[in-house]
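Heads up: the structure comes next, in structure tokens.
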Amino acid sequence: MTAAARPTPLQRLSSLLYLHPRLLLLLLLAPPLLWLGVIYLGSLFALLLQSFYYIDPFSGTIVREFSLSTYRELFTAANADIFLRTVLMAAAVTVAAAIIAFPVAYYMVRHASLKMKALLFLGVMLPLWSSYLVRVYAWKLLLAKEGIVTWFAEQLHLTWLLDAILAIPVIGGPSLSISYIGTFLVFLYIWLPFMILPIVAALERVPRSLTEASADLGARPGQTFRKVVFPLAVPGVVAGSIFTFSLTLGDYIIPRIVGNSRPFIGLAIYQLQGVAGNIPLAAAFTVVPIVVMAVYLVIARRMGAFSAL
Amino acid sequence: MRSDGKPRASWSLRAAALAGMAFLHVPLFFIILYAFSVEEKSFVFPLPGLTTKWFAVAFQREDIRAALGLSVRVALMSTAIAIVLGTLAAAAVWRSRFFGRESISLLLILPIALPGIITGISLRSAYNLMDIPFSFWTIVIGHATFCIVVVYNNVLARLRRSAPGMIEASMDLGANGFQTFRYVILPHMATALLAGGMLAFALSFDEVIVTTFTAGQQTTLPIWMLSELVRPRERPVTNVVAVFVIAVTLVPILIAFYLTRDTHEAAGSGK
Chain A
126 MTAAARPTPL
136 QRLSSLLYLH
146 PRLLLLLLLA
156 PPLLWLGVIY
166 LGSLFALLLQ
176 SFYYIDPFSG
186 TIVREFSLST
196 YRELFTAANA
206 DIFLRTVLMA
216 AAVTVAAAII
226 AFPVAYYMVR
236 HASLKMKALL
246 FLGVMLPLWS
256 SYLVRVYAWK
266 LLLAKEGIVT
276 WFAEQLHLTW
286 LLDAILAIPV
296 IGGPSLSISY
306 IGTFLVFLYI
316 WLPFMILPIV
326 AALERVPRSL
336 TEASADLGAR
346 PGQTFRKVVF
356 PLAVPGVVAG
366 SIFTFSLTLG
376 DYIIPRIVGN
386 SRPFIGLAIY
396 QLQGVAGNIP
406 LAAAFTVVPI
416 VVMAVYLVIA
426 RRMGAFSAL
Chain B
4 MRSDGKPRAS
14 WSLRAAALAG
24 MAFLHVPLFF
34 IILYAFSVEE
44 KSFVFPLPGL
54 TTKWFAVAFQ
64 REDIRAALGL
74 SVRVALMSTA
84 IAIVLGTLAA
94 AAVWRSRFFG
104 RESISLLLIL
114 PIALPGIITG
124 ISLRSAYNLM
134 DIPFSFWTIV
144 IGHATFCIVV
154 VYNNVLARLR
164 RSAPGMIEAS
174 MDLGANGFQT
184 FRYVILPHMA
194 TALLAGGMLA
204 FALSFDEVIV
214 TTFTAGQQTT
224 LPIWMLSELV
234 RPRERPVTNV
244 VAVFVIAVTL
254 VPILIAFYLT
264 RDTHEAAGSG
274 K
């Protein structure tokens, strides 16, 4: 081989890249940055730009001129209802998810044996990754009027309780699958794993020595939990709430399948761009969750949630 | 105190944890149960009888097979693109410090951090503006965009735990950059790549929110499911497809978990 005397083109290229690390960096970064920068951010900005166009009220066509009239249309009483409904739902789902997730995460980190912990971890991860649609579908089975929840209520002689819950104004309805309670349950179910995992991550970072020190200084287990463990786990809860909140804000499939067909932000966007063909207003609508999430992220960052992600 | 030094949980904590886990799993159990129901028109419970005939019916359906085929092809192509782009980005972030390095992760995570409907509608309106007709590739572009981050996370986690001296050693022994990549770096991150790829595949195979905007008239398996959910026509067949979808997404997840189980960053802890 004469390769030692005369380097092959491949070797020369290798040396060139070794001597010019910036060139190598450029070659590495260019493809992913071009893909995300041009395709993803490009279409995102194009969409936001279109929110400044407007629909001509007479011809019904999109006028490509800068105008704020679409935003005037956005802030009407009917749309304010949609925003309020969605944000309230997102908040309710987030709070409930935190309440259910915390004991699971706490048990997993502080009490379960290693083997049990791996099993529980897998038990949280599998639903997270298994099909979103199938899991929504499962609730259609559960909540149907002739379905499982009704049957169990009958067996336990709790039909009166179910009826009483359904009779609650606003959140009740003719059956669980056609009520806000149903929509809430499905949201809660689908996003719960997103809340458990960050809390687990946050709790794992609480050093054992801290709780031992607290006990040595005379705190009862309850006090240690309230004064030491819980405050340190809050960033995890906030990190989880970023997911539960954001995902509820943008979802348009769950309220369409389980619920009373009152629009949420996601559903409104979907209908505006599809049936109505009103891209400018749909684009203006997408600004709402983006702004809400931006504000939320700023607050979350202040509370140290990013270290628990 | 037990031997592993962990205190026993109070019964109320154990009950709450158990209830939380049951809440996550009982609905999936009922999906599997309903695939065997003889009832065709409603979701009546208890089931009037059990049968396996719907599995045969579902597997002979041309529309379901076509949808499955499209989903698999889209997921494979999106995964391939995501593996290349995610690995490149991870390598860049690992090897060098540069202006805006911290923003790379943010840019990569944005497609799954923002609600899917925003990604979907942006891509759709971009296709419209540029007069691109819907095709296999319009779906793949959307899927690859949000799959990059799972590969990136897995590969970067692996690279960060590897010894930097490894590459220098390889170079000192006379290997060029490409040989070092082929014989040192690639074997080292092989399982992380595989795990990331598995997760990307599962993510793409199951995706419906972005897909409804980028598919046009094409039907992937999740889109088929969605149309059945909105307007139920054949409940027994839908039940069988649901079980099938659970099985297809679980296998790659379990493989990914197994491949990275001993590491600190078990795959799939973030979606």
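So the protein lines, in turn, are chains A and B.
Everything in the first sequence is counted per our numbering, starting at 126 for the first residue and increasing by one.
Everything in the second sequence is counted per our numbering, starting at 4 for the first residue and increasing by one.
Beta carbons are placed, not taken as given, at the ideal position from N, Cα and C, and that holds for glycine.
To the nearest angstrom, report how far apart residue i and residue j are at their CA atoms.
i, j, result
"A:L392", "B:T54", "37 Å"
"B:V2", "B:G23", "No answer is possible for residue 2 of chain B: the residues shown for chain B start at 4 and end at 274."
"B:R264", "A:K240", "12 Å"
"A:G347", "B:S13", "11 Å"
"A:A401", "A:L310", "30 Å"
"A:R351", "B:P30", "33 Å"
"B:G180", "A:A205", "59 Å"
"A:I378", "A:P414", "16 Å"
"A:F200", "A:I207", "11 Å"
"B:Y186", "A:Q175", "50 Å"
"A:F368", "A:M320", "7 Å"
"A:A215", "A:S371", "8 Å"
"A:D181", "A:A203", "21 Å"
"A:S302", "A:P360", "34 Å"
"A:Q136", "B:G177", "11 Å"
"A:A326", "A:L283", "39 Å"
"A:Q280", "A:L166", "54 Å"
"A:A237", "A:L374", "34 Å"
"B:S15", "A:A243", "22 Å"
"B:F33", "A:A263", "7 Å"
"A:P299", "A:P380", "16 Å"
Kindly list the residues whose CB is nearer than 6 Å to the CB of residue i, restricted to its own chain and excluding five residues on each side of it in sequence; keep chain order.
i, result
"B:R161", "M192 and A195"
"A:D376", "G391"
"A:A221", "L313"
"A:L357", "V331"
"A:V417", "none"
"A:G297", "L291 and S304"
"A:F355", "none"
"B:S99", "none"
Residue j and residue i - do their beta-carbons sit closer together than 7 Å?
i, j, result
"B:T241", "B:S74", "no"
"A:A289", "A:P323", "no"
"B:L88", "B:I151", "yes"
"A:V261", "A:I382", "yes"
"B:A166", "B:A85", "no"
"B:L91", "A:L153", "yes"
"A:T349", "A:S339", "yes"
"B:F46", "A:L266", "yes"
"B:L197", "B:L262", "yes"
"A:M233", "A:L245", "yes"
"B:T252", "A:S139", "no"
"A:L149", "A:L142", "yes"
"B:P51", "B:E42", "yes"
"B:T82", "B:G219", "no"
"A:F389", "A:T186", "no"
Give me the DSSP bridge partner(s) of residue i.
i, result
"B:F40", "Just to set this straight, residue 40 of chain B is Ser in the shown sequence, not Phe. Per DSSP, B:L53."
"A:Y179", "A:V188"
Going along the chain, which residues of its own chain have a beta-carbon closer than 8 Å to the beta-carbon of residue i, five neighbours each way excluded?
i, result
"B:T217", "G123, L126, R127, Y130, F137, T141, I142, I144 and G145"
"B:R5", "Here the model assigns B:R5 a pLDDT of 45, short of 50, so the residue's position is not dependable, and the following value carries that caveat. If we look at B:R5 and ignore the five residues flanking it on each side, its Cβ neighbours are R11."
"B:I35", "V246 and I249"
"B:A70", "T222, T223, L224, I226 and W227"
"A:A128", "Residue confidence is low: A:A128 scores 47 on pLDDT, short of 50, so the model does not pin down where it sits. No coordinate-derived value is stated."
"A:E190", "Y178 and Y179"
"B:G170", "One point to set straight first is that residue 170 of chain B is Ile, not Gly, in the sequence displayed. Answer for B:I170: T183, V187 and I188, listed in chain order."
"A:V274", "L267, L268, L287 and L301"
"B:R275", "Outside the displayed range of chain B (4 to 274) lies residue 275 of chain B, so it cannot be described from this structure."
Could you pull out every residue in the same chain whose Cβ sits closer than 7 Å to the Cβ of residue i, ignoring the five residues on either side in sequence?
i, result
"A:T411", "L172 and I394"
"A:L317", "A222, I225 and A226"
"A:Y179", "V188, S192, S194, T195 and P405"
"A:Y231", "L328"
"B:G119", "I212 and V213"
Any C-beta of chain B within less than 9 Å: which residues of the segment 239–258 of chain A qualify? So the list reads L239, A243, L245, F246, L247, G248, V249, M250, L251, P252, L253, W254, S255, S256, Y257 and L258, given in the order they occur along the chain.
If contact means a Cβ-Cβ distance below 7 Å, which residues of the segment 172–200 of chain B contact chain A? N179, G180 and F181
Just by C-beta distance, which residues in the segment 150–175 of chain B are closer than 9 Å to chain A? I151, Y155 and M174
Short-range partners of chain B found in the segment 150–163 of chain A, where Cβ spacing is below 7 Å: Per Cβ criterion, the list reads L150, L153, L154, P156, P157, W160 and L161.
Going along the segment 55–80 of chain B in order, which residues come within less than 9 Å of chain A, judged by CB to CB distance? none
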